[in-house]
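Peer 1: Each residue of the sequence shown is one higher than the last, beginning at 276 in the working numbering. The beta carbon of each residue, even a glycine, is placed where N, CA and C say it ideally should be.
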Amino acid sequence: MDLNTIKENLTFPIKAPQYRVGVDGFMSYANSNLTHDGKLRCPCVKCVNTKLLNPDDVNYHLLQYGIMRNYSTWVFHGESVDQSRFLYPKSLEKWILKSIGHKWRDYKCLLKGKGYDDNTDINTLYDNCQDEDVDYDQWISLVNFWRRSNRSKESLEKAKVKPIHTTGTKSHARVREEMKKSSNKSPTRTQVYLKCHQHESEADITNQIKNVATEQGDQELDLDDDPVSQVLGKDKHGRVRGLGLGVKPSDLGDPSYPRFCNGLNMSTDNEAAVIHYFRRLEGVVQRLRARVKRQGITITKVKRKLRDHDISLSDESESDADPFSSDSDSVVEAEHDDQ
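1) So, helix, strand or coil for residue 385, using DSSP?
2) Rounded to whole angstroms, what is the Cα-Cα separation between residue 282 and residue 299?
3) Going by DSSP in three states, residue 309 sits in which element: helix, strand or coil?
4) Given that a residue counts as buried once 16 or more other Cβ atoms are within 10 Å of its Cβ, and exposed if not, what is residue 465?
5) Would the segment 286-302 and the segment 336-349 be scored as touching if the rule is three or more Cβ pairs under 8 Å?
6) Would you be able to state if there are at least three C-beta pairs under 8 Å between the segment 447-459 and the segment 499-512?
7) Do the segment 416-423 and the segment 386-399 meet, that is, are 3 or more Cβ pairs less than 8 Å apart?
8) Just curious, the alpha helix (DSSP H) that residue 414 is in, first and last residue?
9) Specify the secondary structure class of residue 514 as computed by DSSP and reduced to three states.
10) Could you give the C-beta distance for residue 413 and residue 344, rounded to a whole number, given that I count them as a contact under 8 Å?
11) Which of helix, strand or coil does DSSP assign to residue 315?
12) Label residue 565 either buried or exposed according to how many other C-beta atoms from any shown protein chain fall within 10 Å of its C-beta, with 16 as the threshold for buried.
13) If we ignore side chains and look at the alpha-carbon of each, how far apart do residue 323 and residue 443 end up?
14) Indicate the three-state DSSP secondary structure (helix, strand or coil) for residue 541 in the structure shown.
15) Name the two residues that bound the continuous alpha helix (DSSP H) containing residue 491.
16) Between residue 375 and residue 325, which are expected to be in contact by the criterion C-beta below 8 Å, what is the C-beta distance as a whole number of angstroms?
17) Buried or exposed for residue 578, going by 16 or more other Cβ atoms inside 10 Å?
18) Report yes if the C-beta distance between residue 498 and residue 479 is below 8 Å; otherwise report no.
19) Would DSSP call residue 342 helix, strand or coil?
20) Using a Cβ-Cβ cutoff of less than 6 Å, which residues in the same chain neighbour residue 293 once the five nearest sequence positions on both sides are dropped?
21) Going by C-alpha distance, which of 448, 354, 459, 563 is nearest residue 516?
22) Over the uninterrupted alpha helix (DSSP H) stretch that includes residue 447, give me the two end residues.
23) Indicate the three-state DSSP secondary structure (helix, strand or coil) for residue 328 in the structure shown.
24) Does the beta-carbon of residue 533 have 16 or more other beta-carbons within 10 angstroms, so that it is buried, or is it exposed?
25) Using the beta-carbon count (16 or more within 10 Å), is residue 249 buried or exposed?
26) Rounded to whole angstroms, what's the CA-CA distance from residue 483 to residue 410? Just pull it up for me.
27) Using DSSP with H/G/I as helix, E/B as strand and the rest coil, what is residue 443?
28) Alpha carbon to alpha carbon, what distance is there between residue 439 and residue 408?
29) With distance defined between alpha-carbon atoms, name the residue in 306, 379, 368 nearest to residue 334.
30) Quick check on the burial criterion: 16 or more other C-beta atoms within 10 angstroms. Buried or exposed for residue 340?
31) Using only CA atoms, which one of 556, 422, 573, 555 lies nearest to residue 399?
32) Assign residue 297 to buried or exposed, taking buried as 16 or more other Cβ atoms, counted over all protein chains shown, within 10 Å of its Cβ.
33) Measure the alpha-carbon distance for residue 481 versus residue 471 and round it to whole angstroms.
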């Protein structure tokens, strides 16, 4: 089947037979671009190419949730594209995909806050899409997914009322770097959070954080014990609230110095100095190893010369003893003749 025909079939509603034919065509095309462990990136509206799944799971997701609306060029599934339009370092690919997935989840959360309610009849929710950019069949898939999910009403309220930051287009990581440059010291997460959240609707939360910070003083604390965690709760697994996308607890709790120093209690403020110090020590150790190697070669040469010299001395002593013994024999013979 022609590639354009497959893509055209995928524009039909999920329940249409043409869409199922398009899914079969997509899976046949994508199976030629499996990873080394036999997996594919899932382009459904739930995974948005951020998860690697088995082909059977990808097929199920496409039939259950639908394919991404704007995924017209299958760059993650073998279709060639003008690479000059997307020039970026290979090391940034993981961050870019994570950023796309993060924004996509935020967008779905916004849609849920606008048009979904657990207490509303599902048929009414089907006609309650608040964004004209969302296809009707995809909205139905989202409503069905939310209705089947086991999220509590508390999580729904958190989706509707999110902490409002006042940094505009600046990320928390950028604000943190600016604070670091102005004070010549890395700010704590509490200081960054208070700097980025100054909206009047969060006055109660920020006041609680300030009170806890005042009680704790200047002592260094783990992420689970700092004022932000005590007021807002512990961070989700693998994430750090308020320090930007991609920051992990291991980036802050375990600095990048050698593992034999893990027992030392070092603050993150001194991390750069510690790393620089150990790099200098590493250079000194390398030079000492080279010097020891050269000295070993020199010692081997000296030993060889001494051994050769000892052999020559022993040869000379033996050669000197032979004529002495012959002279003594002649003297003895002469004395015998005189008698």
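Peer 2: The relevant details are as follows:
1) Taking the first residue of the sequence shown as position 1, residue 385 is located at position 110. In this structure, residue 385 counts as helix in the three-state DSSP scheme.
2) The sequence position of residue 282 within the sequence shown is 7, counting from 1. The sequence position of residue 299 within the sequence shown is 24, counting from 1. Approximately 11 Å, taken between the alpha carbons.
3) Here residue 309 is taken as the residue at index 34 of the sequence shown, counted from 1. Looking at residue 309 - three-state DSSP - the assignment turns out to be coil, as it is neither helix nor strand.
4) Position 190 of the sequence shown, counted from the first residue, corresponds to residue 465. Looking at its Cβ environment, which holds 16 or more other Cβ atoms inside 10 Å, residue 465 is buried.
5) yes
6) no
7) yes
8) To locate residue 414, count along the sequence shown from 1; it is residue 139. That run of the alpha helix (DSSP H) goes 411-423.
9) Position 239 of the sequence shown holds residue 514. Residue 514: coil per DSSP, three-state reduction.
10) Taking the first residue of the sequence shown as 1, we reach residue 413 at position 138. Taking the first residue of the sequence shown as 1, we reach residue 344 at position 69. The pair is a contact, with the Cβ atoms about 7 Å apart (cut-off 8 Å).
11) Within the sequence shown, residue 315 is the residue found at index 40, counting from 1. Residue state, collapsed to three classes: strand.
12) Translated into the one-based positions of the sequence shown, residue 565 becomes position 290. Classification for residue 565: exposed.
13) Taking the sequence shown and counting its residues from 1, one reaches residue 323 at position 48. Taking the sequence shown and counting its residues from 1, one reaches residue 443 at position 168. Each residue's Cα considered, the two are about 26 Å apart.
14) Position 266 of the sequence shown, counted from the start, is the residue given in the question as residue 541. Unreliable placement is indicated for residue 541, whose pLDDT of 46 sits below 50; the coordinate value is still reported in the next sentence. Three-state DSSP puts residue 541 in coil, outside helix and strand.
15) Indexing the sequence shown from 1 puts residue 491 at position 216. It spans 478-491 - the alpha helix (DSSP H) in which residue 491 sits, taken as one unbroken run.
16) Walking along the sequence shown from the start, residue 375 turns up at place 100. Walking along the sequence shown from the start, residue 325 turns up at place 50. Their Cβ separation, rounded to whole angstroms, is 7 Å, which keeps residue 375 and residue 325 in contact under 8 Å.
17) Position 303 of the sequence shown, counted from the start, is the residue given in the question as residue 578. Exposed, by the Cβ-count rule.
18) The residue you call residue 498 lines up with position 223 of the sequence shown. The residue you call residue 479 lines up with position 204 of the sequence shown. No, these two residues do not count as a Cβ contact at 8 Å.
19) The residue you call residue 342 lines up with position 67 of the sequence shown. If DSSP states are grouped into helix, strand and coil, residue 342 belongs with the strands.
20) What you label residue 293 is simply residue 18 of the sequence shown in a count that begins at 1. Excluding positions up to five away in sequence, the list reads 284, 287.
21) Translated into the one-based positions of the sequence shown, residue 516 becomes position 241. Measuring from the Cα of residue 516, the nearest candidate turns out to be 448.
22) Within the sequence shown, residue 447 is the residue found at index 172, counting from 1. It spans 447-458 - the alpha helix (DSSP H) in which residue 447 sits, taken as one unbroken run.
23) Looking up residue 328 in the sequence shown gives position 53. Three-state result, residue 328: strand.
24) In the sequence shown, the residue the question calls residue 533 occupies position 258. Residue placement at residue 533 is flagged as unreliable, the pLDDT there being 46, under the threshold of 50; the coordinate-derived value follows with that caveat. Answer is exposed; the Cβ neighbour count stays below 16.
25) Limits of the chain in this structure are 276 at one end and 614 at the other, which puts residue 249 out of reach.
26) Position 208 of the sequence shown, counted from the first residue, corresponds to residue 483. Position 135 of the sequence shown, counted from the first residue, corresponds to residue 410. Computed Cα separation, rounded: 43 Å.
27) On the sequence shown, residue 443 is found 168 positions in, with the first residue counted as 1. The answer is coil: DSSP assigns residue 443 none of H, G, I, E or B.
28) Numbered from its first residue, the sequence shown carries residue 408 at position 133. Numbered from its first residue, the sequence shown carries residue 439 at position 164. Going from the Cα of residue 408 to the Cα of residue 439 covers about 25 Å.
29) Along the sequence shown, one-based indexing puts residue 334 at 59. Among 306, 379, 368, the Cα nearest to that of residue 334 is on 306.
30) The count along the sequence shown starts at 1 and reaches residue 340 at position 65. Buried: at least 16 other Cβ atoms inside 10 Å.
31) Indexing the sequence shown from 1 puts residue 399 at position 124. Out of 556, 422, 573, 555, 422 has the C-alpha closest to the C-alpha of residue 399.
32) Within the sequence shown, residue 297 is the residue found at index 22, counting from 1. When all chains shown are included, residue 297 counts as buried.
33) Numbered from its first residue, the sequence shown carries residue 481 at position 206. Numbered from its first residue, the sequence shown carries residue 471 at position 196. In a straight line, the C-alpha of residue 481 is about 10 Å away from that of residue 471.
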